[in-house]
Amino acid sequence: MPLNTVPLNTGPLNAGPVKAGGGWLPWLAMGLLTAAAWGVAPFSVLGALSLTLLVLTALKLREAQQRREFRLVSLLQLVTAGLFGAQQAELGSTLLQGLAVLVALAGLLKLELGGGTNLGTLLRRSGQLVLAALPMALVLFLLFPRLGPFSNLGGLGQFGAAATTGLSTTLEPGTIANLTMDRSPAARVAFPGGGPPPASQRLWRVLVHEHFDGQSWRSLNAGTAGSDATGTDTDGAAGADPNLASSQTPGATQVWLSEPNGLAEVPWSGEGLPLDRHLRRDGQGQLRYSGSVGVRKLYSLAAESSPAAWRRQAATAQDLQMAAGTNPRLETLAAGWRRQGSGGAKAVALAEEWFRQQGFRYSLTNPLLPQTAPLDALLFEQRQGFCGHYASALSALMRAAGVPARVVSGYRGGTWVEPLGGSAFLDLRQSDAHAWSEVWIDGEGWRTVDPTAWVLGGPTTVGNPAADSVHSPLGTAADPSGPLDWLARQWWGLDLAWGEWWLGFDQRSQEMLLQRLLGPYREWAGALLLVAVALTLALGLAVYGWLRRRGEGDHLQQELNQLLRSCARSGLVPQPGETLGQFGRRLRLARPLLGPELEDFVDLLQQQRYGRPGPPQRQGMDRLRRCGQSLRRQLRRSPS
Amino acid sequence: MGSGTPPSHPQAQPLSRWLPLQQGEVLKLGLRNLYIVPTGFGWLWLGGALFLQLVGIQTQSNGPVLLSFVMLALELLSLHLTHGQLEGLEVRCGQPEPAFAGETAAYPLIVRVQSACEGLEWCLTPGPLHGVASLGPGEHPLALEWTPQRRGLQRPGPLRLQTTAPLGLFVCWSRWQVPAEQLIYPAPKPGPVRQVPMADWREKTAAAGALAGEGSEEWQDLRPHRRGDSSSRMAWKLLAQGRGAQTKRFQDPRLEPSLLAPDPALPHEEALEHLSDRLCLLHRQGQSYGLALTGLQIAPDRGSSHRDRCLEALALCR
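Okay, here's the thing in structure tokens:
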């Protein structure tokens, strides 16, 4: 009896009431979602919502008895995966979320198809369904009009805030030293059309700390998670120009992918024209992102012919503010410099000379500075510290000397990575966190001064091997790395490419796409969408039908037909009435070399067709396939 | 879903009442007789997609936006896929076997599937849903379970065929009044029956009983084997024991046959139920019995076919 006519239901009287139950597939989906929950900030609105939903889904699954309850569990799993997707858009997380969606759909299929379907079939069917739905989903994704966020629902950052690892608006001694132990990613930057800047210029500013209370430096204008751009902004993005898009804009010289950190300020070089409407440069040289800050941020900057305006933004009284008397020895030293010369340049020169004479050492393991006169203790007693210490001390010295100064925190250096696929990029880790000073120089503006370069053993000190490795033209050459590091960097490269593609498509990109597609006929966008949906629906149904037919035909007959076609090309055609066994014997005589494998093929096929069903059947099918492939190969090699 | 629970997808139930019931010897499902509506889960699914869309808009993230569109696309695809499961399905009745009232009866159907049909569920309304995982191409026998309440030639209630495969977002169904009638015997209930006087019949059978011809049901005696005796009557066991060739002699037991009739003191239906029980009892005991109904007499006899004939007479008795 042909396989395709064997009734699947051979015991009609035993067919009982519809059974419910998703087996262990829903639990597998729960496991994947739990893994995907890693890194979600539990105290943000969205994080709390998604984690609560995850727990409730697990509880519902535990008590589920009926089919409708299992269905609800699958739907909750999909929604949870979507909520995680709103918070974590990394390539790895996205893959995990996608896998959870596939398994949740497979669980739904199991409810409808019954318990006899195995996991592989369910996952394949689930994949087929998603594949059939994707064309329409992509059309809707690309063409369905995008809306702006509902800002009245509260701060966007709070709504979607995720991990908060990274820089802080308050710079305290030891803060950055702790960060240097953290190898988690901070940002990645690609330079389309060019390589990275020279090592000496790889200072990526994030926060400006202008308020000094004698112990720590605070950033007064920093926008934390949830705050929009403040009144200190000086200019908007070139993205206001509809001809400029985000990351895909020709002319972008820096494409940044910044990890979530709870700050509105994002790293940049201090130079460049923002190409995203979410970006604003403020008067202190901070680049502020007004979109959701708790998620990954993709933004681009274009080259700018004139120097950045913030460098010439005049210093204010705040930049001279000093908690007088908190560090008396420092103030006394600075008072001497004040008497010796005028202007910031002279003060900086005197400070550099003094720092180099004192033999300061760079150290990540400093004892805590005292509460009273901490900078006095650093400069005149301990004489060792980290970049944050020296930047604090220099800025305080400058202010005490009557020169406006401030501390800037951000990142330094980075690792240049050239992945096998995708564009090269500079990888910044939290361990690259750095702090430096900016001093107001009359007639010049704000000058970047890094006092860490003046101390012994500092990573930026000239002659330091560590500094050399960072400063090498292409960091990978001198960067010690093993195979695992190499693999990790390849992954980062893919992740960056994914981020550019995935995060880069937004409302503006959609507008550009519609502009390209429809030109002056923009009013036809709705009709285009409807037609595209109808076409992709038909396409999806056709694809699904084809996949089903392909996956569930008579595999034995397909294998045999393939072999018979190969034989026919060699002039060997079955005669009328000839059975498979007879044809096999005739073939063996004509092609003795095919003998043993041909015999195997015929035996296996007949065993599969007429043998007892059961688990060995599947292995036999695999062997039959291999056998058939080998025979076809041999027939191709010797066609006659 | 356990037995006794109403069929699922209650939102499809009120609609069913207003939609025409399919008639005919064969039901071929197609656009004209298949109905489809979203299930409650389907509406919830749309709500989930909308929620993800709102989250995507609020956070300006592409993940939830794409997932919501995938869910929407799956909903639209499901509309066609669920309908396609039943489209082309052909159903006809088999030959129903007689059954007793008040007991579960099997009503046979033959389902012809063209390509494949998944998640097929059926029920005789009202009744619980039954289902199979998947039906491949070809013909498949299905047995509907139902409990007839009355004797006679009965048809079960309308058949409802439905599926929610593949994702449970839509329910597609059709209702058909199955055409073939099933013979239902009265429910067997122990109770009094009337013994009918059989004077005439007794006289006729007395002569026949004196002859007491050789029967064929059980052997009574042995005699030496003669040439011409059937080998099937040979006592092979005795021969094997070395006790010589013996031939078995058969004779029907001389039992008093009875002619049963409904007890006139009882309501007619109840009396028939008692008769049904008594017939079955006598059949089990291997006794001979006859039946006397208004306008119909069945002479005493034994065997399954006799019992079925008597029960049929009871089932169709007016």
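Sequences listed follow chains D and E, in order.
The opening residue of the first sequence carries number 18 in my numbering; numbering runs sequentially from there.
The opening residue of the second sequence carries number 1154 in my numbering; numbering runs sequentially from there.
Just so it is clear, CB atoms sit at the ideal spot from N, CA and C, and this is done for glycine as well.
Item, Value
"7 Å Cβ cutoff met for E:P1311 and E:W1299", "no"
"Length of the line joining the Cα atoms of D:R515 and D:E80", "Per the sequence shown, the amino acid found at residue 515 of chain D is Trp instead of Arg. Whole-angstrom Cα-Cα distance: 39 Å."
"Cβ-Cβ separation, E:W1198 to E:L1322 (assumed contact under 8 Å), whole Å", "6 Å"
"C-alpha distance - D:P277 paired with D:L304, whole-angstrom precision", "15 Å"
"Residue burial classification, D:E370 (beta-carbon count within 10 angstroms, cutoff 16)", "exposed"
"Alpha carbon of D:T343 to alpha carbon of D:A334, nearest angstrom", "19 Å"
"Proximity winner among D:Q83, D:L89, D:L159 and D:L68, relative to D:Q532 (alpha-carbon distances)", "D:L159"
"Anticipated Cβ contact below 8 Å, D:A352 with D:A417, distance rounded", "7 Å"
"D:L5 vs D:L50 beta-carbon contact at 7 Å", "No information on residue 5 of chain D is available, as it lies outside the stretch 18 to 657 that chain D covers here."
"Chain-order list of residues whose beta-carbon lies under 7 Å from that of D:V560 (same chain, five-residue window excluded)", "L148 and A149"
"Cβ-based contacts, 7 Å cut-off: residues of the segment 1189-1208 of chain E near chain D", "F1194, L1197, W1198, G1201, F1204, L1205 and V1208"
"Closer than 7 Å to chain D by CB, E:P1319", "yes"
"Contact under 7 Å by Cβ, E:S1221 with E:Q1211", "no"
"Cβ-based contacts, 9 Å cut-off: residues of the segment 1209-1227 of chain E near chain D", "G1209, I1210, Q1211, T1212, Q1213, S1214, N1215, G1216, P1217, V1218, L1219, L1220, S1221, F1222, V1223, M1224, L1225, A1226 and L1227"
"Those runs of the alpha helix (DSSP H) which lie wholly inside the segment 321-399 of chain D and span at least 4 residues", "345-357, 361-375 and 391-394"
"Contacts around D:A262, its chain only, beta-carbon distance under 6 Å, and the 5 residues preceding and following it disregarded", "For D:A262, the predicted structure reports a pLDDT of 37, less than 50, and the residue's modelled location is therefore unreliable. A value from the coordinates is still provided. R525, S526 and M529, listed in sequence order."
"Under 9 Å from the C-beta of D:F167: neighbouring residues of chain E", "L1207, I1210 and Q1211"
"Residue burial classification, E:K1390 (beta-carbon count within 10 angstroms, cutoff 16)", "exposed"
"Neighbourhood of D:T97 by C-beta distance below 7 Å, restricted to the same chain and skipping five residues each side", "L50, S67, L70, L71 and T74"
"Pair within 7 Å by beta-carbon distance, E:I1263 and E:E1240", "no"
"Residue environment, D:H406, which counts as buried when at least 16 other CB atoms sit within 10 Å", "buried"
"Exposed unless 16 or more other CB atoms sit within 10 angstroms - verdict on E:P1173", "exposed"
"Contacts around E:G1209, its chain only, beta-carbon distance under 6 Å, and the 5 residues preceding and following it disregarded", "P1217 and V1218"
"Beta-carbon proximity check, D:A269 vs D:P209, cutoff 7 Å", "yes"
"Inter-residue Cα distance where the pair is D:V272 and D:G144", "34 Å"
"Contact belief for D:L473 with D:Y379 at Cβ below 8 Å, rounded distance in angstroms", "7 Å"
"As assigned by DSSP and simplified to three states, the class of E:Q1276", "Note that residue 1276 of chain E is Cys in the sequence shown, not Gln. Three-state result, E:C1276: strand."
"For D:E455, the first and last residue of its enclosing beta strand (DSSP E)", "A450 to I458"
"Euclidean distance between Cα positions of D:F60 and D:P324", "41 Å"
"Beta carbon proximity, D:V57 to chain E, threshold 7 Å", "no"
"Member of D:E576, D:R608 and D:L606 whose CA lies at the smallest distance from the CA of D:R643", "D:E576"
"Members of the segment 1265-1281 of chain E near chain D, C-beta cut-off 8 Å", "A1269, E1271, G1272, E1274 and P1281"
"For E:C1246, the residue or residues it bridges with in DSSP", "E:L1262"
"Reduced DSSP secondary structure (H/G/I, E/B, other) of E:L1444", "strand"
"Beta-bridge partners of D:V466, as assigned by DSSP", "D:S454"
"Beta-carbon gap between E:L1187 and E:C1325 smaller than 7 Å", "yes"
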